[in-house]
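Undergrad: Protein chains in written order, with this note's numbering: chain A, 9 to 389; chain B, 1299 to 1928.
Idealized CB from N, CA, C, for every residue including glycine.
Can you read through this structure? Questions will come right after.
Structural data, given as C-alpha cells:
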C-alpha cells in the first residue's frame, strides 16, 4: 500500500517534468489503433453490403452503429484509468444485480432470456459484463501482491464464476465462456502459477465427461457432434457448416469477385451477414482477402499487446492484456466455427459482423485500451 | 520458495506480466497458424471439391415431365386428356408453425382429415425445400382466397400441374382405366431406368389401357439445368433438353357404340363386348357397374374408395376380362361344329328327345330345360335354335373330351385372349390331363355332358365369348382382340392367332343354326334381331350361379336376386357378311334370350344401321357426360 501511494505522489509531483504531451495523447487517442479500427470498419461495411444482398438499409444502420461505437470509444478513452479502477467493483456488483434481474424478469427469444427492459430500453447485461468482469478481476488483483497467492486466486475465481454462472442460466453458454475467459486472462497475466494452471487443466479434463452428460443441452451436444462429422446431416444440423465450408473453399485463392459469391448471394449461406460473414469475404475475395483480414486483426492485437506492455499500473496492464487476448479469442472462435474447426456458437466476427450491441461493447473495450495507452507516464526509479 | 512479502514490487510484476504475455503470444501465433492452415486447406488443397459442392448447390438438374399421350376413340373423340390442375403445396423449411398454417388453410379451402393425413405421409419422404402437395384441384375461388392470404403463410404456394381428365368418365373406366399417384409399391417395383424415366412425373397408369400402354403413354423425361437459390427458386435456365411426349393412342372402341351398350345394359350388372369380326378390334367394352375414374387421378379420398370397394356390386371389378362365368349354351355352335368335324354327328343326325338323358350304366337322369323334350326328330339346327340339351349330351357321350378340348382351344377358350388389357383371367376348358392334374381324378362320362353345355368346370370371360363368336363369324380365323387401333397414327396390324380349317358345309350348318336362334319362330333369341333390316345369328345361354361369397351380409331379397342364373347371349351380324360379333352377360338376368339378346340387338342396330366413320355425325353426337366433373 505504502509503495503504491508513494509512486502516485511521485507521478503527481513530477508530471510537469516530462516533455509536453502530443495532441493525440491529450485527446487520449492511440493513433495506430484508431487507424487500424477505421480500416476494419470500412472493410466490415463493404463486406456487409455484399452479405446482406446489396441491402443499403443494413449498410446504413451498421454505419450508424459504427459512428455510435467510435464516439463511445472516444468517451471511454477520456475517463482516467483510476476512475475505472475505483468504480469497477460497483460496476461489477451492478452488473451481477442486472444478471439476476434478467433471470427473474428478462425477455428473449427461442427459449433464452438475455434481455432486460428498463424504461423502454432493451439491453443485454451480459454485454456490460464483457468488460465488467476483466475490470473487476484486474482491480482486485491490482490491490494484491503478485504473483497471486492461493486465497487471491480463489477470490479472483469467485469474481469470475458468479456472473459466468448467472449467464449460463440464461442459457448462453458461449457468452458465459467468453466472459469467464476474459476474467481468467487477467488472472493468468497477473502471474498465476503454472502449477495451478496445470491443476486446473487436469480438473477440466476429468470433468469433461460429467459436463458432456449433465452440463450440456441436447442442441449443444448436437453442435459438437456436427463438428466431428459434418457430412452426417447435410440438410439438418450440418447445413450451416457444409455451406460455409463450400463458400470458403470455392473462393479459392483469388475469390469469385465482389458481389459474385454464389453461396452467399443465392442464400445458401445462413446468417451470412452476422456470424458467418467471414465466409462471404472468403468466397468473394478468396484466401487473399481472408489473410489480409487476419493480418489486420494481428496488427490490432499487436498494438493491444504493445499498449499492455507499456502500461504503468497493474490494473491497466492486466485490463489491456485481457481485452486484447479476449479480442483474439473472439476472432479465433468465430473463424474457427465458420471454417468448421469449432462447434457452432453464436460469436460474431469483431467489427465485421452486423449488429450494434456487440460492436459498441467491443469499441468501448478499445476505448479502455486507448485510456491505458495514453495514461500519463510516470517517472521510474 | 514462496515468501510472504506484503510489499508490491512493480518490476517483478511487470516482468511476470511480460512472461505470461509472451507465452500467450506463442499460443496466439500458433492458433493464427491453425487458421491460416485451415484457409489453405479449404481454399487451396480442397478447392476443387468445394468448387464442385458450391456448383452442385447452385446448379440443379430439374427433370421436365413429358406430356402423357392422349387417348381417342376410333372417331377421334378425346377420352383421356391432360388438363391443368392447381395444387396447394407447402415447403416445410419455410413454414414457421405448421399446425397454425394448416389451420389457416383449413379456413380458406376445403381440407379434410384425409388430405392432411396423406400430406403428413408425403412430408416424410421429401427432399429438402421440395414443395409437398397438400390439396389438389383447387377451384378458382380457392386459388383467389389463397393468393389474397399468401403473405400470412410463408412457404405455401399454388402450383399448376397437368393431370389426366377422363371426359367420358364412367363409360370408359374399365377399358381406358385410370392413372393414379405413384405409390410406394410402384416405387419399390421401379428399376433404375424407371426411376430415371419417372423423374418429375407424379402419375402412373394403374388400371386398363393406362396401365398396359404405360410405357408408350409416358414419354421420355427431359431436363433443365437451372440456377437456383437456397429456396429452390429458379433464377435462370442454363440448358434445356425438351421432354418427348408420350404416344397418342386411337382405340378401336367407338364412343357411340359404347354408350349404346351401356344404355342397353342399364342399371343391371354385367358386361358387353363387341368385336370387329375382320380384325379382332374391340368396338365396345362395357362392364357394369362402373365408376368415375377421375376420382383416382390425384389420389382418391378414403371415403370414396371405401364406397367403391365395399359396394356389393363390386364396381371396380372388370367383369369383361376378370369375370369368369360358366358360358352355358352359348358354346353350342362351337360344339356343333366340333361334332361335325369329328364326325360324331352329321347334318342328318336326328335324335329323340324325351326331355331327359341317361348315360348307359348310370342311374342318374340328366334333364333338359324343357321337361317334355323337343320332339322325336331333333336335328342340329333345331337343337341349336331351341337349345336342345339332349342332342348335345348324346353327341358329347360319343365324342372324346380331349378332342372337344382342342376344338374349344382353337376358339380361345381356357387361355387368355391376349387382349392389350391388364389382369385378364384365362377361364377354363377341362381336359383329361387337366382333371387328373388339378383334381387328381379320372374323366367321367358325366363330365363330358357338363362340358358340352358350358357347365361344370367350364369358365369363360365375356371377352372370350366375344372372341369365340367372332371366330365363328369369320369361319375360323381367330384374331387376337385389340383395344388399340393406332399408336401415334400408325395402324396396328391385326394379329391372327389361329386359323381353323373346317368343311365349309359345316360352317353353313352352324350359321344356319345360329340364324334360327334369332329368326326361327321357336328360336330362343328372337329379340336379338327384332325389327332389323339385316339378319342376325346368335345363341343364348344361361349360367347357373354356383355359389356366393361367404361371410358377406346380404338381406334376403338381395340374396335371392343374386342366386338367379346369369343371362348370356352371343351373336354376330349381318349373317351374309359378318362385321361385328357381340357377347352379352347380365348377372342374375335369368333368361339369355329375354334379357341379354336385346342388348346385342341395340349394338347391331347402332353399328350396322347407322353410317360409319362419318365425322359429321360424330361432332353433333350427343354423348352423355357421365363423368360430370367440373
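1) Hey, is residue 1352(B)'s beta-carbon within less than 8 Å of any beta-carbon in chain A?
2) Kindly identify the DSSP beta-bridge partner or partners of residue 1360(B).
3) Within 10 Å of its beta-carbon, does residue 1851(B) have 16 or more other beta-carbons around it, so buried, or fewer, so exposed?
4) Is any beta-carbon of chain B found at less than 8 Å from that of residue 380(A)?
5) Does the beta carbon of residue 1341(B) come closer than 8 Å to any beta carbon on chain A?
6) Does the Cβ of residue 1781(B) have 16 or more other Cβ atoms within 10 Å, making it buried, or fewer, making it exposed?
7) Looking only at its chain, what residues have a beta carbon closer than 6 Å to the beta carbon of residue 1347(B), apart from the 5 residues adjacent to it on each side?
8) What residue range is occupied by the uninterrupted beta strand (DSSP E) comprising residue 1758(B)?
9) Is it true that the region 291-308 of chain A meets the region 261-269 of chain A, where meeting means three or more beta-carbon pairs spaced less than 8 Å apart?
10) Step through the CB atoms of chain B and report whether any lies within less than 8 Å of the CB of residue 302(A).
11) Does any CB atom of chain A fall closer than 8 Å to the CB of residue 1850(B)?
12) With a cut-off of 8 Å, does the C-beta of residue 1434(B) fall near any C-beta of chain A?
13) Of all the residues that make up the region 355-373 of chain A, which are near chain B by a beta-carbon distance shorter than 7 Å?
14) Got a sec? Which residues, its chain only, sit under 6 Å from residue 311(A) by beta carbon, not counting five neighbours each side?
15) With a threshold of 6 Å on Cβ separation, who are the neighbours of residue 1375(B) within its own chain once the five nearest residues in sequence on each side are excluded?
16) Along chain B, which residues have their Cβ under 9 Å away from the Cβ of residue 94(A)?
17) Would you decide whether residue 1726(B) is buried or exposed? Buried here means 16 or more other CB atoms lie within 10 Å of its CB.
18) Give the DSSP-derived three-state secondary structure of residue 266(A) in the structure shown.
19) Helix, strand or coil: how does DSSP classify residue 1291(B) here?
20) So for residue 1785(B), helix, strand or coil by DSSP?
21) So, with DSSP's three-state summary, where would you put residue 1504(B)?
22) Under a CB-based cut-off of 8 Å, is residue 1347(B) close to chain A?
23) When burial is assigned at 16 or more other CB atoms within 10 Å of the CB, is residue 1691(B) buried or exposed?
24) Pull out every residue of the region 1327-1338 of chain B whose Cβ sits closer than 8 Å to any Cβ of chain A, in chain order.
25) If I measure Cβ to Cβ from residue 1898(B) and keep anything under 6 Å in the same chain, skipping five residues before and after, which residues do I get?
26) Taking residue 155(A) as the query, report the chain B residues whose CB atoms sit under 7 Å from its CB, ordered along the chain.
27) Between residue 1877(B) and residue 1576(B), what straight-line distance do the alpha-carbon atoms span, to the nearest angstrom?
28) Which runs of the beta strand (DSSP E) at least 3 residues long sit entirely within the region 1533-1558 of chain B? Give them in chain order.
29) Does any CB atom of chain A fall closer than 8 Å to the CB of residue 1318(B)?
30) Could you pull the DSSP bridge partners for residue 1478(B) from this structure?
31) Whose C-alpha, out of 1787(B), 1624(B), 1711(B), is nearest the C-alpha of residue 1545(B)?
32) Using a threshold of 8 Å, state whether the C-beta atoms of residue 190(A) and residue 147(A) are closer than that.
33) Evaluate residue 1417(B) with the Cβ neighbour count: other Cβ atoms within 10 Å of its Cβ, from every protein chain shown; 16 or more gives buried, anything less gives exposed.
34) Roughly how many angstroms lie between the CA atoms of residue 165(A) and residue 1444(B), to the nearest whole one?
35) Check each candidate in 59(A), 36(A), 48(A), 98(A) and name the one with the smallest Cα separation from residue 81(A).
36) Identify whether residue 312(A) lies in helix, strand or coil by the three-state DSSP scheme.
TA: Per the coordinate set shown:
1) Position 54 of the second chain, counted from the start, is the residue given in the question as residue 1352(B). Yes, its Cβ sits closer than 8 Å to a Cβ of chain A.
2) By one-based count along the second chain, residue 1360(B) stands at place 62. According to DSSP, residue 1360(B) bridges with 1522(B).
3) For this step, residue 1851(B) is matched to residue 553 along the second chain. Unreliable positioning characterises residue 1851(B) in this predicted model, as indicated by a pLDDT of 46, which lies under 50. A coordinate reading is not provided.
4) Residue 380(A) sits at position 372 when you count from the first residue of the first chain. Chain B contact via Cβ: absent.
5) Your numbering for residue 1341(B) matches position 43 in the second chain. Yes, residue 1341(B) counts as interfacial toward chain A.
6) To locate residue 1781(B), count along the second chain from 1; it is residue 483. Burial call: buried.
7) Stepping through the second chain from its first residue, residue 1347(B) is reached at position 49. Cβ neighbours of residue 1347(B) beyond the five flanking positions: none.
8) Locating residue 1758(B) in the second chain gives position 460, counting from the first residue. Element bounds for residue 1758(B): n/a, residue is neither H nor E.
9) yes
10) On the first chain, position 294 is the one that residue 302(A) refers to. So yes, residue 302(A) belongs to the interface.
11) In the second chain, counting from the first residue as 1, residue 1850(B) sits at position 552. Here the model assigns residue 1850(B) a pLDDT of 46, short of 50, so the residue's position is not dependable, and the following value carries that caveat. For residue 1850(B), the answer is no, since every Cβ of chain A falls outside 8 Å of its Cβ.
12) Reading the second chain from its first residue, position 136 is the one you call residue 1434(B). Not one chain A Cβ lies under 8 Å of residue 1434(B).
13) none
14) The sequence position of residue 311(A) within the first chain is 303, counting from 1. Only 40, 41 meet the Cβ criterion.
15) Within the second chain, the letter at position 77 stands for residue 1375(B). These residues qualify, in order along the chain: 1553.
16) In the first chain, counting from the first residue as 1, residue 94(A) sits at position 86. In chain order: nothing, as chain B lies at least about 18 Å away.
17) As a working mapping, residue 1726(B) is identified with position 428 in the second chain. It counts as buried.
18) Here residue 266(A) is taken as the residue at index 258 of the first chain, counted from 1. DSSP places residue 266(A) in coil when its eight states are reduced to three.
19) Missing from the structure shown is residue 1291(B); chain B here goes from 1299 to 1928 and no further.
20) Position 487 of the second chain, counted from the start, is the residue given in the question as residue 1785(B). The DSSP-derived three-state label of residue 1785(B) is strand.
21) Numbered from its first residue, the second chain carries residue 1504(B) at position 206. Strand.
22) In the second chain, residue 1347(B) corresponds to position 49, counting from 1. Interface residue, yes.
23) Counting from one through the second chain, the residue named residue 1691(B) turns up at place 393. Label assigned to residue 1691(B): buried.
24) Cβ contacts with chain A: 1329, 1330, 1332, 1333, 1334, 1336, 1337, 1338.
25) Residue 1898(B) sits at position 600 when you count from the first residue of the second chain. Counting only Cβ-Cβ distances below 6 Å, and skipping sequence neighbours, we find 1826, 1867, 1869, 1880, 1882.
26) Stepping through the first chain from its first residue, residue 155(A) is reached at position 147. 1314, listed in chain order.
27) Here residue 1877(B) corresponds to residue number 579 of the second chain, with the count starting at 1. Here residue 1576(B) corresponds to residue number 278 of the second chain, with the count starting at 1. When rounded, the separation of the alpha-carbon atoms in residue 1877(B) and residue 1576(B) is 7 Å.
28) Runs of the beta strand (DSSP E) inside the region 1533-1558 of chain B: 1547-1549.
29) Stepping through the second chain from its first residue, residue 1318(B) is reached at position 20. Residue 1318(B) counts as touching chain A.
30) Stepping through the second chain from its first residue, residue 1478(B) is reached at position 180. Residue 1478(B) pairs with 1502(B).
31) Here residue 1545(B) refers to the residue found at position 247 when the second chain is read from its first residue. Each of 1787(B), 1624(B), 1711(B) was checked against the Cα of residue 1545(B), and the nearest Cα belongs to 1787(B).
32) In the first chain, the residue the question calls residue 190(A) occupies position 182. In the first chain, the residue the question calls residue 147(A) occupies position 139. No, the Cβ-Cβ distance between residue 190(A) and residue 147(A) is not below 8 Å.
33) Residue numbering aside, residue 1417(B) sits at position 119 when the second chain is read from its first letter. Buried: at least 16 other Cβ atoms inside 10 Å.
34) As a first step, residue 165(A) is located in the first chain; it is residue number 157 there, counting from the start. As a first step, residue 1444(B) is located in the second chain; it is residue number 146 there, counting from the start. Rounded to the nearest angstrom, the two C-alpha atoms are 60 Å apart.
35) Here the question's residue 81(A) lines up with position 73 in the first chain. Of the listed residues, the one whose Cα sits closest to residue 81(A) is 36(A).
36) By 1-based counting over the first chain, the position of residue 312(A) is 304. The answer is helix: DSSP assigns residue 312(A) an H, G or I state.
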